[in-house]
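**Student:** Whatever position you read off the sequence shown (first residue = 1), add 11 for the working numbering. Got a structure for you, written out below as structure tokens; questions coming shortly.
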Amino acid sequence: MSEELLSLLAKHTFSSHEQTPFLTSLPGVTLVRASNGRYPRHILHRPALCLVLQGVKRTVFGEVPFDYAAGQALIVTTAMPGVSRILEANARYPYLGVIIEFDIAVIRDVFMQLSHRLSQQNTAPHAAFVIDIDAQLSRCLLRGLRLLDSPEAIPVLYAGFMQELCYWLLMGPNGADVARIVTRDTHSMGVAGALDLLREKYKEPLSLESLAKAANLSRSAFHRKFK
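Below, the structure written as structure tokens:
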């Protein structure tokens with residue numbers, strides 16, 4: 012992992028003493044800094060790349076745990092609830108991470124241009140998986156996060172960064188798995204819609220029947236897919 016990337020993130024989170032994620036001027040980009048381990052946090056994850064630059068993090072979906080450390084990232088390909096916890100962090104070497112939500116329109120456009128070059132076989136058995144950040148991705152991420160120092164350039168250059176990020180992910184060894192973001196089957200997309208409804212109306216009582224209806228599934232089919 013690039014030392015410049017680590018220094019950049021440390022600089023932009025140094026003034027924050029809170030151990031909570033905070034938004035940046037980059038659309039869909041959240042930085043995380045923590046000086047100690049955290050209690051588990053229940054989060055409704057959206058399709059995103061969750062990068063660790065320093066420390067170790069664990070995210071659990073259902074009963075499946077994913078541990079990822081410096082130089083690795085968790086990729087989530089569909090909206091789903093999970094529990095995240097920072098496992099390794101201290102005052103001298105705080106946990107540093109970046110969450111980049113995917114722009115679905117951008118990744119769909121890049122996928123359509125590259126689909127004939129992608130492997131058609133999924134290798135990850137789950138809708139989330141961990142990857143190692145290679146040199147190409149590291150350089151791409153550095154270029155994108157450098158925009159934090161040039162906010163006036165964000166409206167012009169950020170779309171290009173997202174296109175490049177999607178390109179390298181789709182052309183990488185997990186390209187077919189990343190493509191699930193835009194090639195999910197109809198039932199999975201229905202469940203994602205029900206999760207959006209949960210997120211929007213989390214303060215209101217919602218029945219299983221109303222969620223199944225939002226997903227366009229029977230109650231039993233929705234239960235199986237949601238689980």
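The beta carbon of each residue, even a glycine, is placed where N, CA and C say it ideally should be.
#1: So, residue 240 versus residue 69, is the Cβ gap smaller than 9 Å?
#2: For my contact list, residue 122 and residue 43 are in at a C-beta cut-off of 8 Å; report their separation, rounded to the angstrom.
#3: What residue from 84, 33, 40 and 74 has the CA that sits closest to residue 143's CA?
#4: With DSSP as the reference, label residue 41 as helix, strand or coil.
#5: So residue 156 and residue 16 are supposed to be a Cβ contact under 8 Å. How far apart are they, rounded?
#6: On a Cα-Cα basis, can you pick out the residue from 72, 151 and 159 that is closest to residue 136?
#7: Mind checking whether residue 66 and residue 102 have CB atoms under 9 Å apart?
#8: Distance check for residue 46 and residue 124, CA to CA, integer angstroms please.
#9: For residue 56 and residue 97, I'd like the C-alpha separation in whole angstroms.
#10: Do the CB positions of residue 82 and residue 109 come within less than 9 Å of each other?
#11: Would you identify the three-state DSSP class for residue 120, choosing helix, strand or coil?
#12: At which residue ranges does the region 101-156 contain complete beta strand (DSSP E) runs of 3 or more residues, listed in the order of the chain?
#13: CB-CB under 6 Å to residue 24, same chain, minus the five flanking residues each way: which ones, in chain order?
**Tutor:** A quick look at the data gives this:
#1: No information on residue 240 is available, as it lies outside the stretch 12 to 238 that the chain covers here.
#2: Counted from its first residue, the sequence shown places residue 122 at position 111. Counted from its first residue, the sequence shown places residue 43 at position 32. 28 Å between Cβ atoms; not a contact.
#3: Residue numbering aside, residue 143 sits at position 132 when the sequence shown is read from its first letter. Among 84, 33, 40 and 74, the Cα nearest to that of residue 143 is on 84.
#4: Position 30 of the sequence shown holds residue 41. Three-state result, residue 41: strand.
#5: Position 145 of the sequence shown, counted from the start, is the residue given in the question as residue 156. Position 5 of the sequence shown, counted from the start, is the residue given in the question as residue 16. Confirmed, about 7 Å.
#6: Looking up residue 136 in the sequence shown gives position 125. Of the candidates 72, 151 and 159, the one whose C-alpha sits nearest the C-alpha of residue 136 is 72.
#7: Position 55 of the sequence shown holds residue 66. Position 91 of the sequence shown holds residue 102. No; because the gap between Cβ atoms is not below 9 Å, this pair is not in contact.
#8: Here residue 124 refers to the residue found at position 113 of the sequence shown. Here residue 46 refers to the residue found at position 35 of the sequence shown. Each residue's Cα considered, the two are about 42 Å apart.
#9: Along the sequence shown, read from residue 1 onward, the residue named residue 56 stands at position 45. Along the sequence shown, read from residue 1 onward, the residue named residue 97 stands at position 86. Their Cα atoms are separated by approximately 16 Å.
#10: On the sequence shown, residue 82 is found 71 positions in, with the first residue counted as 1. On the sequence shown, residue 109 is found 98 positions in, with the first residue counted as 1. Between residue 82 and residue 109, the C-beta gap is not smaller than 9 Å, which leaves the two residues out of contact.
#11: Taking the sequence shown and counting its residues from 1, one reaches residue 120 at position 109. In the three-state scheme derived from DSSP, where H, G and I count as helix and E and B as strand, residue 120 is classed as helix.
#12: 106-112 and 139-143, all fully within the region 101-156.
#13: As a first step, residue 24 is located in the sequence shown; it is residue number 13 there, counting from the start. Closer than 6 Å at the Cβ level, and outside the excluded window around residue 24, lie 42 and 44.
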